[in-house]
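Data first, discussion second: the structure below is written as structure tokens.
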Amino acid sequence: MLGAAGIFIPELLTKLGILNTPSWYTAGEQEYFTDKTTLLRTSSGSPEKISESRVKEIRNGRLVMLAVMGAWFQVEYNGTGPIDNLFAHLADPGHATIFAAS
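Residue 194 is where the sequence shown starts when you use this note's numbering, and the numbers rise one by one after that.
Structural data, given as structure tokens:
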């Protein structure tokens, strides 16, 4: 779930003017302070605990994949991300819906 939060929270804070981050959709094109392998976490502990952690990670990962895939479809379908769509819906709930074509 941290993956989805890592996408949606910075985008929301950027839209509110608190942060200045690139869109999650184009963030892979940016140069970062470290290489991608540095950000990976390694497991330590007993084999049972590692196995349990892997199962939990897979279950949460599947849920996050659905959330991110939904956000990706929004960008592909109408060119705006989930936060922009939320703001548009809150401004005009009668017309900015899932059924409105862009």
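Cβ atoms here follow ideal geometry from the backbone N, Cα and C, with glycine treated the same way. A quick note: this is a predicted structure, and the numbers were derived from the prediction, not measured.
* Of the choices A198, E204 and A197, whose alpha-carbon is the least far from that of F280? -> E204
* Simplified DSSP state of G196, which is helix, strand or coil -> helix
* To do: Can you say whether H264 is buried or exposed, counting buried as having 16 or more other CB atoms within 10 angstroms of its CB?
  => According to the sequence as given, residue 264 is Ala; it is not His. Classification for A264: buried.
* A293 to Q223, Cα distance in whole Å? -> 33 Å
* Note the first and the last residue of the continuous alpha helix (DSSP H) segment covering H282. => P275 to A284
* To do: Check each candidate in W217, T207 and N253 and name the one with the smallest Cα separation from L195.
  => Here the closest residue by C-alpha is N253.
* Report the three-state DSSP secondary structure of Y270 (helix, strand or coil). => helix
* To do: Measure the CB-CB distance between A260 and N278 and report whether it falls below 9 Å.
  => no
* Candidates I202, E241, M262 and I291: closest to Y211 by CA position -> At residue 211 the sequence reads Ile, which differs from the Tyr that was named. The option with the nearest alpha carbon to I211 is I202.
* Contact under 9 Å by Cβ, S216 with G287 -> Not in contact: S216 and G287 (Cβ atoms no closer than 9 Å).
* Pairwise C-alpha distance: E245 and G238 -> 11 Å
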